[in-house]
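Reviewing the structure listed below.
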Amino acid sequence: MTYADVHVNFTWEEWALLNPSQKSLYKEVMLETYENLTAIGYNWEDHYIEEQFQSSRRDGRHKRGHTGEKPYECNHCGTAFARHGHLQRHKGTHTGEKLYECNRCGKVFAWNCHLRIHKRTHSGEKPYECDQCGTAFASHCRLQRHKRTHT
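Heads up, the sequence shown is in the UniProt record's numbering, so the first residue is 1 and it goes up one at a time.
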């Protein structure tokens, strides 16, 4: 077994979509996994080097968020982005490309996060709950829209 076999890595965007209990569960599971790998003699030095690299990438992205720097520019329309992944996702708007297909119904999406939200229509999962009335929603944006009805 290797670290890559068990590690789950979320992008900042994916992490933001998780509710607090999902984040807590992830942390608990990964902590137990790390403890088990350490117990069987996993060499963390290689992982530490990768983490340092990932951390420096995150720091650069974080700083760009404050400075407004957007070094990734679309060669089709000139729209600029702070992150390369956002540029790649944007390029699909020009081609109409939809790479993410629901394995239950075949519906396709340009963005993976929209596919994840769509899949909740099949599972009935509604992880975002209003703290004022208890109504639950499949997506964070629907919850935010709903919360405005309370003001």
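C-beta atoms are modelled at their ideal positions from N, C-alpha and C, and glycine is treated no differently. This one's a predicted model, so the numbers in the text were calculated from it and none came from an experiment.
Separation of residue j from residue i, as counted between CA atoms
i	j	result
residue 147	residue 12	23 Å
residue 23	residue 109	25 Å
residue 138	residue 97	25 Å
residue 72	residue 95	18 Å
residue 106	residue 93	20 Å
residue 143	residue 76	34 Å
residue 18	residue 129	12 Å
residue 99	residue 14	17 Å
Best match in the options for proximity to residue i [C-alpha to C-alpha]
i	options	result
residue 151	141, 132, 139 and 136	132
residue 235	9, 32 and 140	The structure shown has nothing for residue 235, since the chain only spans 1 to 151.
Check whether residue i and residue j have beta carbons under 8 Å apart
i	j	result
residue 74	residue 86	no
residue 101	residue 82	no
residue 122	residue 145	no
For residue i: DSSP bridge partner residues
i	result
residue 81	72
residue 136	129
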